[in-house]
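Participant:
Residue numbers (my numbering), protein chains in the order written: chain U, 2 to 156; chain E, 13 to 771.
1. Suppose only complete runs of 3+ residues qualify. What are the beta strand (DSSP E) ranges in the stretch 351-421 of chain E, listed by chain order?
2. So the alpha helix (DSSP H) residue 449 of chain E belongs to, where does it begin and stop?
3. Starting from residue 145 of chain U, find everything on chain E with Cβ-Cβ shorter than 8 Å and list it in chain order.
4. Can you give me the start and stop residues for the beta strand (DSSP E) that residue 260 of chain E sits inside?
5. For the stretch 385-404 of chain E, which residues have a beta carbon sitting closer than 8 Å to at least one beta carbon of chain U?
6. Could you round the C-beta distance between residue 66 of chain E and residue 170 of chain E to whole angstroms and report it? I think they count as a contact, below 8 Å.
7. Any beta carbon from chain U within less than 7 Å of residue 607 of chain E's own beta carbon?
8. Whose Cβ in chain U lies nearer than 9 Å to the Cβ of residue 673 of chain E?
9. For chain U, check one thing: does any of its Cβ atoms lie closer than 7 Å to the Cβ of residue 104 of chain E?
10. Rounded to whole angstroms, what is the Cα-Cα separation between residue 374 of chain E and residue 366 of chain E?
11. For a contact defined as C-beta to C-beta under 8 Å, what are the partners of residue 7 of chain E on chain U?
12. Would you mind telling me which residues of chain U sit closer than 7 Å to residue 697 of chain E, beta carbon to beta carbon, in chain order?
13. With H, G and I counted as helix, E and B as strand and the rest as coil, what does DSSP make of residue 277 of chain E?
14. Take every Cβ of the stretch 2-16 of chain U, pair it with every Cβ of the stretch 274-284 of chain E, and state whether three or more of those distances are shorter than 8 Å.
15. Out of E:571, E:628 and E:564, which one is the CA nearest neighbour of residue 609 of chain E?
16. Three-state secondary structure (DSSP) at residue 438 of chain E?
17. Which residues of chain U have a Cβ atom closer than 9 Å to the Cβ of residue 209 of chain E, listed in chain order?
18. Do you know how far the Cα of residue 510 of chain E is from the Cα of residue 348 of chain E?
19. Around the Cβ of residue 2 of chain U, are there at least 16 other Cβ atoms within 10 angstroms (buried) or fewer (exposed)?
20. DSSP three-state call for residue 141 of chain U: helix, strand or coil?
21. Which residues in the same chain have their Cβ closer than 8 Å to the Cβ of residue 322 of chain E, if we skip the five residues on either side of it in sequence?
22. Note down the Cα distance separating residue 13 of chain U from residue 31 of chain U, rounded to an integer number of angstroms.
23. Let me know the secondary structure DSSP gives residue 294 of chain E once reduced to three states.
24. Could you give the residue range of the alpha helix (DSSP H) that holds residue 644 of chain E?
25. Do you know how far the Cα of residue 733 of chain E is from the Cα of residue 599 of chain E?
26. For residue 161 of chain E, count neighbouring C-beta atoms within 10 Å of its own C-beta (all shown protein chains included) and say buried if the count is 16 or more, exposed if not.
27. Going by DSSP, name the residue or residues bridged to residue 625 of chain E.
28. Hey, out of E:130, E:453 and E:384, whose CA is closest to residue 537 of chain E's CA?
29. Starting from the beta carbon of residue 74 of chain U, find every residue of chain E whose beta carbon is closer than 9 Å, and list them in chain order.
30. Whose Cβ in chain E lies nearer than 7 Å to the Cβ of residue 37 of chain U?
31. So which residues on chain E does residue 127 of chain U lean against when the C-beta distance must stay under 7 Å?
32. Where do the ends of the alpha helix (DSSP H) carrying residue 595 of chain E lie?
33. Which of the three DSSP states is assigned to residue 700 of chain E in this structure?
34. Using CA atoms only, rank isn't needed, just tell me which of U:20, U:40 and U:77 is closest to residue 67 of chain U.
35. According to DSSP, which residues form a beta bridge with residue 61 of chain E?
36. Please confirm whether residue 61 of chain U has its beta-carbon closer than 7 Å to some beta-carbon of chain E.
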């Protein structure tokens with residue numbers, strides 16, 4: 002049995018400890034907001050937070066998540082009101098939308114440690130997240146906007 | 013699976029879960045309390061009254077609009093219902109939007125591709141909205157006993173001003189639904205639009221940013237198994253034998269078997285393209301278990317040899333020979349060069365091009381090459397199928413349900429009305445999901461294992477079993493007289509296995525002596541539509557060539573194009589010129605103005621310009637390039653588009669921005685190469701995609717304002733990016749870029765040493 006804490010909820014699962022966290026989330030628990038894109042940590046569609054750090058769940062064994070706090074896009078905020086989610090909606094960032102959960106999860110870690118990121122900070126934090134539709138410009142603006150929302154309403 | 017198409021609403025699946033156009037989810041209604049497994053609590057079902065295929069209304073005035081067309085990021089879930097809401101006079105913020113079922117009778121052609129969604133639905137959806145509004149007005153007029161002309165509408169309400177009577181659409185919906193459908197109902201004046209032409213937010217935006225199940229890979233069904241396919245490692249190979257003993261010992265594995273797709277002599281329709289007719293299938297409980305177990309398969313492959321296929325494309329039946337050789341990119345380039353020197357098929361001829369070239373003072377000749385491209389949709393190919401002896405349910409991402417259904421019916425031996433296809437949101441499409449072979453694969457696997465199954469391609473499967481953008485080449489020649497006037501133009505293009513030449517497009521019509529020729533080389537590498545097919549190569553080659561011509565003639569590249577367009581308008585050469593010279597010139601003039609073309613303050617940028625016409629729309633871009641850490645970087649882009657009426661301006665802007673980023677990415681890096689038939693790239697570690705830092709930080713999109721019915725937008729802004737980037741690279745590096753991809757490892761034809769360069 003593997004004990005996990007995902008989005009502040011406890012789970013006890015009978016899974017192979019070698020299974021990537023991504024597939025436990027998607028196939029076993031049913032949290033499908035975290036996406037499969039490449040399986041080799043190249044595209045960022047599967048980014049989740051492990052103890053507040055962005056990890057690629059497609060190459061993170063579920064055993065590594067034991068005793069750690071896992072947050073997925075479904076648990077990023079209580080009411081879908083994370084500054085990034087607000088900014089994403091305000092700027093209508095998405096096209097197909099498939100990569101956006103991963104984009105937001107990567108950006109959330111950046112904003113946690115950096116209240117006022119520069120263009121360069123955003124560039125380097127987001128380099129691992131591919132958007133095939135090419136919404137990078139809006140993602141970039143939305144991160145700036147989210148930082149602004151966050152500065153105005155510090156938690 | 014109790015209900016089939018044309019049933020008004022099934023609440024089994026999350027696909028149909030509804031959302032308010034205003035952004036909220038209608039989760040407060042118990043009847044939307046659905047689970048992903050597809051069970052409904054069945055209480056408090058709303059009474060939907062169907063006014064027509066697109067519009068349903070409840071007595072308490074909830075209005076639902078069905079989006080007919082598959083959504084792959086072009087935002088039709090929002091833009092198409094907007095058109096209905098406009099004519100219906102509904103309150104957009106309160107409308108419920110749902111993805112429609114596959115039902116060509118009620119919901120039209122349901123095809124996403126060719127930048128056609130808005131174009132083909134513009135009139136039918138306006139008519140659907142206007143006709144429904146008229147029926148509601150007539151119902152109210154009858155009840156109130158007043159002339160229908162005196163009834164007015166606003167925000168889903170009906171009014172009779174004189175008597176002060178009013179009522180909701182919902183209160184008259186039942187009565188309206190049985191009124192004979194009126195013909196020729198007057199549509200709104202464009203100037204009166206309130207919803208259309210105003211930016212409306214993506215109705216699925218909230219679901220996307222909160223990780224709700226939306227995509228095919230997210231779909232779940234009770235008892236669903238996971239299937240994966242093992243396909244041959246190289247084009248031109250086939251399965252010989254396999255040993256699955258080790259695989260079958262792995263946890264969760266149910267079955268391993270060979271699966272044939274089409275029977276011998278199967279008549280393929282135009283979009284039945286598939287590469288491998290026999291696949292090795294692994295079925296198991298979970299994705300990871302199947303992925304793991306696949307690694308234990310022992311498969312033996314052998315050369316497939318030449319084969320024949322029968323293709324029936326729009327009534328034209330022909331036998332196609334699929335050569336069996338194992339192809340390599342270098343050999344393909346050599347072969348293209350060989351074909352380029354042979355006589356080719358003449359596509360168009362104006363004047364006397366041979367004489368003009370013979371008598372020319374100067375001839376400029378350049379050859380351009382571009383590789384195969386993989387679509388690389390972020391959501392790999394996948395589909396759910398549950399096939400029984402009586403019927404089939406298929407759920408997932410696809411662009412053309414109406415093309416795939418007849419194929420499924422043939423392959424499964426079921427009547428079309430026993431096949432239900434539900435369309436999920438697609439994690440990208442770009443043309444790839446117009447080819448429904450993966451539905452056929454999923455359906456046959458489900459039939460074999462007698463269980464609901466989801467077929468999942470890994471990224472590697474997706475990239476190495478593609479329906480790719482073809483490999484292209486084209487040689488352009490221009491003849492100048494002693495005064496440096498352009499007197500003849502010649503393009504000879506080819507490709508593997510298709511050429512890209514659009515013979516009747518600009519500059520055809522603008523040059524007195526013109527010749528277009530083409531040839532193609534058969535191949536076993538499967539190809540198909542890729543965002544702006546053919547145009548995506550032409551606009552790179554032709555627009556680079558025009559830039560080089562302008563330079564040789566000592567002319568400004570925009571002015572040179574405008575001169576040619578003036579000639580095409582005032583004194584057009586030949587027949588069947590596809591483009592409207594005024595609209596073409598219009599985008600060039602607009603981008604010239606908006607980009608400050610010629611202003612010295614822009615001298616710090618290496619500027620490249622290009623324009624193109626396709627899918628009935630016009631696009632012109634100016635890209636501003638700088639060198640950053642020794643690498644070229646497109647810092648900003650100015651874009652001018654003419655696609656007629658813009659339904660949803662901000663979303664349209666987003667689409668153009670995306671097309672520009674997509675264009676830069678593919679121009680710089682896009683390449684799928686082969687060695688002995690095997691693709692050399694199988695994941696994003698080897699297939700270079702444009703990344704966040706490489707996207708421009710500013711893209712200014714300007715739309716020509718007119719009242720022309722909408723034309724395409726998904727594709728038109730994409731092709732000219734390649735040309736504009738090539739022209740900016742020249743300004744930046746003083747070298748011309750003839751071979752794609754421009755950075756990284758471009759194609760290197762041996763016979764064109766002058767085309768070689770390194771960065």
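Backbone N, C-alpha and C define an ideal beta-carbon position, used for all residues, glycine too.
Facilitator: In terms of the structure at hand:
1. 357-362, 374-382, 394-399 and 404-408
2. 449-461
3. The premise fails here: residue 145 of chain U is roughly 11 Å from chain E at the closest Cβ pair, so nothing lies under 8 Å.
4. From DSSP, residue 260 of chain E is part of no beta strand (DSSP E) but of the alpha helix (DSSP H) over 257-261.
5. 388, 389, 390, 391 and 392
6. Wrong, their Cβ atoms sit about 19 Å apart, outside the cutoff.
7. no
8. 132, 134, 135, 136, 137 and 138
9. no
10. 14 Å
11. Nothing can be reported for residue 7 of chain E: it is not among the residues displayed for chain E, which extend from 13 to 771.
12. 41 and 43
13. coil
14. no
15. E:571
16. coil
17. Those within 9 Å of residue 209 of chain E in chain U number zero; the least Cβ separation is about 16 Å.
18. 11 Å
19. exposed
20. helix
21. 277, 278, 279, 280, 329, 330, 331 and 332
22. 14 Å
23. strand
24. Not the alpha helix (DSSP H): residue 644 of chain E falls in the beta strand (DSSP E), residues 643-654.
25. 14 Å
26. exposed
27. E:630
28. E:384
29. 221, 222 and 223
30. 229
31. 704
32. 593-606
33. coil
34. U:20
35. E:69
36. no
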